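Student:
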Amino acid sequence: MRFALIVGSVAAFAPAAWRGAWREPASFSPTSSSRGGAGVVVLLTPATTTRRRVVVLGATPPSDAVEKLDLEPIPLARGVVRLPGSKSLSNRALLIAALCEGETVVENLLASDDTERMLEALDALGVEVERRGTDVTVRSRGFLAPIQNDATTKEPLELFLGNAGTAMRPLAAVLAASEGGAFVLDGTPRMRERPIADLVDALQQLGCAVECTDNAPYGGCPPVRIADTRDAPVDGGRCSVSGKTSSQFVSALLLASPLVAKTKDVTIEITDELISAPYVLLTIDLMRRFGVDVEHDDSMRAFTVRAGQRYDSHKTLNGRYFVEGDASSASYFLAAGGLTGG
């Protein structure tokens, strides 16, 4: 006899009619998975019964709400599912597409807060974006610069990126390496608690005029301020960065390297252990698909981008890139098939 015990929030399990009308019992102690909403415990009765009854414990529904929710058993799960695009690849692909001159179609883009913030930022940077379902057509001049920043103004363009780390980190690196004007990258209060100092320090080593000195209680966090460097562009160099804090810092530096390596190579050295190395390899493979090669040793302690390379979606992709499905999303459907014999 098997029981499944699931702990979560009201928003995840309760019928729509119940939401917003819960009272948390005095004896209930929220777990990490129930923060952000009233606690609710869902108990599934044995799978051997003909109907699986979901009983909600630990919270009191309104008097006019349904007191139970009956779920019919699923005898077999079988079929073909198109998975949503990978979160790790979606924003990387959008940013690289914006750095390609001309038109690039990014297919199967993930719909998420992170991609929304990236799309908003690209729009503010003069990139034309056309959406058709999960496909996005990106039309770009091949560089990022605020339209309103001409040669006579130094006013920074402010970009609000919410709590989207996959937008904040690569955009900070790419804009710091660009020659498109001054920028301020900011986000939610939570974003202002997420460290980015290691990335900023590495960019400074390459000569980029970037800093994150505000928000003293946390230090080394957004907002990120980027000065106008059109009069003193960067060109090549070496930088070192920790690989333990976040592999996204390494990926961000790699994505920005072709913009820095104009006539001189860029080398990125890892000072310690590189965590989540597969995500860095994912970035390297994506760059290769868009025409930029990255050299690295077997230990992945050093990465080199040779001078003179540019992103080009037509070189190997014929102007189209399909974002592969998210592996974690696939696990739910694989589990359903395994449990039901599908």
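Going by my numbering, the first residue of the sequence shown is number 595, and it counts up by one from there.
Glycine included, C-beta positions come from ideal geometry on N, C-alpha and C.
The structure presented is a predicted model; accordingly, all values stated were derived computationally and were not measured.
1. For the alpha helix (DSSP H) containing Glu-873, name the first residue and the last one.
2. Assess contact between the stretch 811-826 and the stretch 866-878, defined as three or more Cβ pairs (one per stretch) separated by less than 8 angstroms. Is contact present?
3. Three or more C-beta pairs closer than 8 angstroms, one from the stretch 887-894 and one from the stretch 912-924: is that the case here?
4. What did DSSP end up calling Thr-934 once you bin it into helix, strand or coil?
5. What three-state label does DSSP hand Val-700 in the structure shown?
6. Measuring straight from C-alpha to C-alpha, what distance separates Leu-716 and Glu-724?
7. What's the gap between the Cα of Thr-760 and the Cα of Ser-893?
8. By a C-beta neighbour count over all protein chains shown, 10 Å radius and 16 as the cutoff for buried, is Arg-819 buried or exposed?
9. Would you decide whether Val-674 is buried or exposed? Buried here means 16 or more other CB atoms lie within 10 Å of its CB.
10. If you measure between the beta carbons of Ala-846 and Ala-767, is that distance less than 8 angstroms?
11. Would you kindly report the start and end of the unbroken alpha helix (DSSP H) that includes Ala-796?
12. Just the Cα atoms here: how many angstroms apart are Ser-907 and Gly-736?
13. Quick one: grab the DSSP three-state call for Ile-668.
14. Go ahead and label Asp-879 buried or exposed: buried means 16 or more other beta carbons lie within 10 angstroms of its beta carbon, across all protein chains shown.
15. With distances taken between CB atoms, is the gap from Ile-864 to Arg-895 smaller than 8 angstroms?
16. On the premise that Arg-900 lies in contact with Asp-590, defined as a C-beta separation below 8 angstroms, what is that separation, rounded to the nearest angstrom?
17. Once the 5 residues before and after Ser-621 are set aside, which same chain residues still bring their CB inside 8 angstroms of it?
18. Please give me, in chain order, every unbroken run of the beta strand (DSSP E) with length at least 3 that falls completely inside the stretch 805-882.
19. Determine the direct distance from the alpha carbon of Gly-813 to that of Leu-689, and round the result to whole angstroms.
20. Going by beta-carbon coordinates alone, are Arg-733 and Glu-722 separated by less than 8 angstroms?
Tutor: A quick look at the data gives this:
1. A small correction: the amino acid at residue 873 is Tyr; Glu does not occupy that position in the sequence shown. Looking at the DSSP string, the run of the alpha helix (DSSP H) that includes Tyr-873 is 871-883.
2. no
3. No, the stretch 887-894 is not in contact with the stretch 912-924.
4. Secondary structure at Thr-934: helix, using DSSP grouped into helix, strand and coil.
5. strand
6. 12 angstroms
7. Near 25 angstroms, if we compare the C-alpha coordinates of Ser-893 and Thr-760.
8. Arg-819 sits buried, since 16 or more C-beta atoms from the chains shown fall within 10 Å of its C-beta.
9. exposed
10. yes
11. 791-799
12. 11 angstroms
13. coil
14. exposed
15. yes
16. Here the chain comprises residues numbered 595 to 936, so residue 590 is not present and cannot be evaluated.
17. Any reading at Ser-621 needs caution, since the residue's pLDDT is 36, under 50, leaving its predicted position unreliable; the model's value is listed next. Correct list: empty, nothing qualifies.
18. Complete beta strand (DSSP E) runs here, min 3: 818-820, 831-835, 860-864.
19. Using only the alpha carbons, I get a separation of about 27 angstroms.
20. yes
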